[in-house]
Structures are given as C-alpha cells and as structure tokens.
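See structure below.
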Amino acid sequence: MNDLRIETVQHLDVDVCTRLVLGNEPWIRLGYGPEDVAAIVRSVATSNLLLARSARQVVGFALSSSGMLCGEYLKILAVDASNHGRGVGRQLMEELEKRAFATWPNVYLCVTDFNEGARAFYRRLGYEEVGVLSDLLIPGSGEVLMRKSIGAWRPYCRDSKTLRPRRQ
Ligand SMILES: CC(C)(COP(=O)(O)OP(=O)(O)OC[C@H]1O[C@@H](n2cnc3c(N)ncnc32)[C@H](O)[C@@H]1OP(=O)(O)O)[C@@H](O)C(=O)NCCC(=O)NCCS
132 MNDLRIETVQ
142 HLDVDVCTRL
152 VLGNEPWIRL
162 GYGPEDVAAI
172 VRSVATSNLL
182 LARSARQVVG
192 FALSSSGMLC
202 GEYLKILAVD
212 ASNHGRGVGR
222 QLMEELEKRA
232 FATWPNVYLC
242 VTDFNEGARA
252 FYRRLGYEEV
262 GVLSDLLIPG
272 SGEVLMRKSI
282 GAWRPYCRDS
292 KTLRPRRQ
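Residues 132 to 299, numbered by the numbering used here, are exactly what the sequence shown covers, in order.
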C-alpha cells in the first residue's frame, strides 16, 4: 500500500475502534461488544498506540503496553477487513518492534487458538508459540502466547549503551 502511514497517537476514536473490532473475527466469536470497545479506548491512556492511515482513513491499529516479562505486550492488533493482505499488519508490527526492541529484548502477544490466519501471520513475522492459556476468554478455546526475542535480559542490558528501565 503506497500511501500507508504509521503514526504514534494518544487517542483512539470509539467509532474507529468499533469499525475495526466489532463485526470482525475473532472478536465476534469471542463475544466482544460495545463495553469491550470502551475498555480498549480507555486503556489507550496507559498504553502505546500506533495507527495505520491510508488516504486519511484509519485502516488499522496496534495497542501495546511496556514492561511485561522484560518486554512489550501487544494487547490488540486490528486491520480493516477490506485491507487485509496488503502489508498493513506487517508495517504496524515492524514499527512496534522497532520501538519495543530499543528498550526490551522481547515482544509478546496472545492469539486465539482458532484464529489460524493470525497465527500464521505472527509465525511469518518470526513469533514462536510458547504455550496455550486454556479457557481464558471463552470456554473450550485457548489463547496462544507467542514471543519474539532478540536475547536474554542480562546481556541485553550489559550490551546496551543507553539507560534501561528496571526489570518488571
Ligand atoms: C492478522 C492481521 C492483523 C494480518 O494483517 P494483514 O495486514 O492482513 O497482514 P499483512 O498483509 O501485513 O501480511 C504480512 C505477512 O503475513 C502473511 N499473512 C497475513 N495473513 C495471513 C493469513 N491469514 N494466513 C497466512 N499468512 C498470512 C502474509 O502472507 C504476509 O507475508 P509476506 O509479507 O511474506 O508476503 C489481519 O488479517 C487482521 O486484522 N485480522 C483480523 C484481526 C486479528 O486476527 N487480529 C489479531 C488478533 S491477535
């Protein structure tokens, strides 16, 4: 996508979040509703948010938080259904990783076990499946914890020239 821009922002519009999350899988099957959208939007205040824009329209976002297990945790990644397969998800993740790996040696995320497309997408980007948190969101289904690492915490700290935050 030629005109795609990835921006760091501090606000997520409720209508944008509703369009990208509600009405789309995996969130339909996971039972997401307006209250979940409201919680996502509220959590932006204490999270890191990247927006993907094309022709002034928001076509995707990635919301993450810092400091989990020496890493950044991706809470939600959504790309507009009509723009799947055009590199939006990859560019959002590349920007997230560029920022995360400047501070931490890990990026983590959870993906629902039945979401085979997203699991393949993350594997393609170099994420490894660590384990399954069974019956986490809905009964009979699990969240697969995935991790991408550039090394262990100690050598990462030692080798770093910049001041790192305290390990959590
Ligand atoms: C999963 C999702 C974020 C991927 O974003 P996207 O913009 O469609 O993916 P991209 O076009 O950037 O694809 C990047 C790579 O992953 C691969 N990929 C993407 N979707 C894939 C799929 N369903 N199956 C297999 N591979 C896939 C692409 O082939 C591409 O590989 P390449 O760059 O080597 O050609 C997007 O499909 C989405 O929002 N899905 C619904 C919500 C969701 O599942 N979010 C994740 C919740 S954890």
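Ideal placement from N, C-alpha and C gives every residue a C-beta, glycine not left out. Fair warning: this is a prediction, and the values are worked out from it, not measured in the lab.
Ile171 places its beta carbon less than 9 angstroms from that of Leu194. Boundaries of the beta strand (DSSP E) around Leu208: 202–210. If you draw a straight line from the Cα of Phe252 to the Cα of Met277, it is about 12 angstroms long.
Residue environment for Met132: exposed (fewer than 16 other C-beta atoms within 10 angstroms of its C-beta).
Going by C-alpha positions, Lys206 is about 15 angstroms away from Lys279. When Cβ pairs closer than 8 angstroms are counted between the two stretches, the region 138–149 is seen to touch the region 171–188, the count reaching three or more. Around the beta carbon of Asp266, a 10 Å sphere encloses fewer than 16 other beta carbons of the protein chains shown; the residue is thus reported as exposed.
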